[in-house]
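What follows is one structure encoded as structure tokens, with my remarks underneath.
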Amino acid sequence: MKAGAHFASAGWAPCFFVANLPAVAFALEARQVTKRFPGVVANDKVDFQLARGEVHTLLGENGAGKSTLASVLCGLYRPEEGKVLRNGSEIRLNSPRDGLANGVAMVHQHFRLVDRFSVAENVVLGHKSLPFVMATRDIEEQVGRITQEYGLPLDPRAIVGELSAGERQRVEIVKALYQGAEILLLDEPTALLAPPEVEKLFLTVRAMTHAGKSVVFVSHKLGEVVDISDRITVMRGGRVTGSVARGQADVKRLAELMVGREINIVPRRAKSPTGEVLLSVSQVHLERDGAEILTDINFEVRAGEIVGIAGVAGNGQRDLAEVVAGLRAPRHGNVTVCGVPTAQSGTVGARRAGLAYVPEDRLGTGLAPSLSMVDNLVLTRERGFLVDRKTAHNEAEYFIKQLEIKTPGPMTPTRKLSGGNAQKVLLARELFAVSGSRVLRGGRGARSARRGPRQRQSDSAHQ
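Start counting at 1 in the sequence shown, then tack on 45, and there's your number in the numbering used here.
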């Protein structure tokens, strides 16, 4: 069959037909995999094949089922139907340890490291094959060899808590390689990375595939996907909607496969607002450990305006966000929210003035992962002993529809949601907590939010 694409005229049911797939057994394969959660079919009869030495991307929106499928392939989840094959033979995966025993490891979007341990200590942590006694120097040498072989610059003696997001990700990859992984599942690996770190990651991925390893790249970033992938499989609503080989990928059609409709990939541009100034930052200076990290910062945000703070990660963006939100007091300067000075009044003063804050770390400092969406909504709003759960439940239902949050229901623990859907719950919580707020401050607010959800969040901000 000739490689190409065919789109049905009715119902938007496009599918790609790809020729020249390898005749030998796949390194990893899912056949008719179905995985259900209460009220949700996360994977619905999904077929997926990964060849040896290949980068195969799983592409899709929030709730498409990509991370769920990756979790099935590594043994984190057990499917209700279907099977997983390794080199053509069915394997039973009851836990991630079973996945590792079959050479399959997953690097999660939220890193699972011990901040107080060194790089080398994190790499060997939980490795059952280690001798009872092993010299630290020997461990560091082994870790060092892996970092050099795959282009993963790391100091084995560095403390993980002092590393950047990109460096922590490298630790996770080194850990998987140290434990013998031949197949790596990378879940949203570029979500926290600055462009230079993304380039380094891609070099590492190519080094791994050149060494015969295979990579499943879970992502929603179309430009990056086209650059790194040998094949791309698109998912929507728990099903595979198409698959395309490298060189045949068209960004517009991939986006349409993701959302199920024709879209305009050129963003709408609103006219520059001329309304009143809602947020003013003037001559702000901030110090940390005796070093100045913010110097003479000045800007304004007007009604209906979206202002972006850009820069390579670690250059003060987070510090500035915390100053604006009242989490940190500047050494010098003023912050005014809706005409009210808030620089020295903390988060309570900023909220009362009309500022809502969406932190970068949604599960660490933003949400209570074990609580439901309803409970998270009331966390920052209720005072005293009375909790209006009926209102919170109604508001949760409203935001689920308004923001298109993929969840079994408003009482589902937020830890069970995908990254982008958790981000929307956090946004809903802030909008609910400061109803009538005039300024919304977000730290990396589009992290894990796909093209459609990002547009809806942008539209809400303009309103």
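Beta carbons: idealized from backbone N, C-alpha and C, even for Gly. Bear in mind the structure is a predicted one, so any value in this text is a computation, not a measurement.
| Asked | Found |
| --- | --- |
| Looking at Val380 and Ala374, is the spacing between their C-beta atoms short of 7 Å? | no |
| What does DSSP give as the partner residues of Phe262 in its beta bridges? | Thr102 and Leu231 |
| Whose C-beta lies closer than 6 Å to the C-beta of Thr286 among residues of the same chain, with five residues either side of it excluded? | Val279 and Leu302 |
| Who are the Cβ neighbours of Gly108 in its own chain at under 7 Å, not counting the five residues just before and after it? | Lys451, Ser463 and Asn466 |
| Bridge partners for Phe93 per DSSP, in chain order? | Ala75 |
| In whole angstroms, give me the CA-to-CA distance for Gly98 and Ala72. | 9 Å |
| Go ahead and pull the three-state DSSP assignment for Asp420. | helix |
| Leaving out the 5 sequence neighbours to the left and right, which residues in its chain are closer than 6 Å to Lys461 when beta-carbon positions are compared? | none |
| Excluding the five sequence neighbours on either side, which residues of its own chain have a C-beta within less than 8 Å of the C-beta of Asp200, listed in chain order? | Val164 |
| Hey, could you find the ends of the alpha helix (DSSP H) His155 is sitting in? | First-last for His155: undefined, no H or E at that position. |
| Quick one, which of Ala96, Arg123, Lys111 and Met151 has its alpha-carbon nearest Asn43's? | The chain is shown only over 46 to 508; residue 43 falls outside these bounds and no answer can be derived. |
| State buried or exposed for Val322, treating a residue as buried only when at least 16 other CB atoms are found within 10 Å of its CB. | exposed |
| Give the single residue among Glu74, Thr79, Lys90 and Thr102 whose Cα lies nearest to the Cα of Val289. | Thr102 |
| Determine the DSSP secondary structure at Ile218, reduced to helix, strand or coil. | helix |
| Whether or not the stretch 293-309 and the stretch 116-136 are in contact is what I'm after, with contact meaning three or more pairs of Cβ atoms, one per stretch, closer than 8 Å; do they touch? | no |
| Buried or exposed: which applies to His377, given that a residue is buried once 16 or more other Cβ atoms fall within 10 Å of its Cβ? | exposed |
| Using the Cα positions of Val470 and Val169, report the straight-line distance between them to the nearest angstrom. | 35 Å |
| So does Val403 have its beta carbon nearer than 6 Å to some heavy atom of the ligand HEM? | With respect to small molecules bound, the structure shown includes none, and the ligand HEM cannot be examined in it. |
| Which value, in whole angstroms, describes the spacing of the CA atoms of Arg213 and Phe156? | 7 Å |
| Who are the Cβ neighbours of Val270 in its own chain at under 8 Å, not counting the five residues just before and after it? | Thr102, Leu104, Phe262, Ser264, Ile277, Ala294 and Leu299 |
| Could you compute how far the alpha carbon of Ala478 sits from the alpha carbon of Glu135? | 50 Å |
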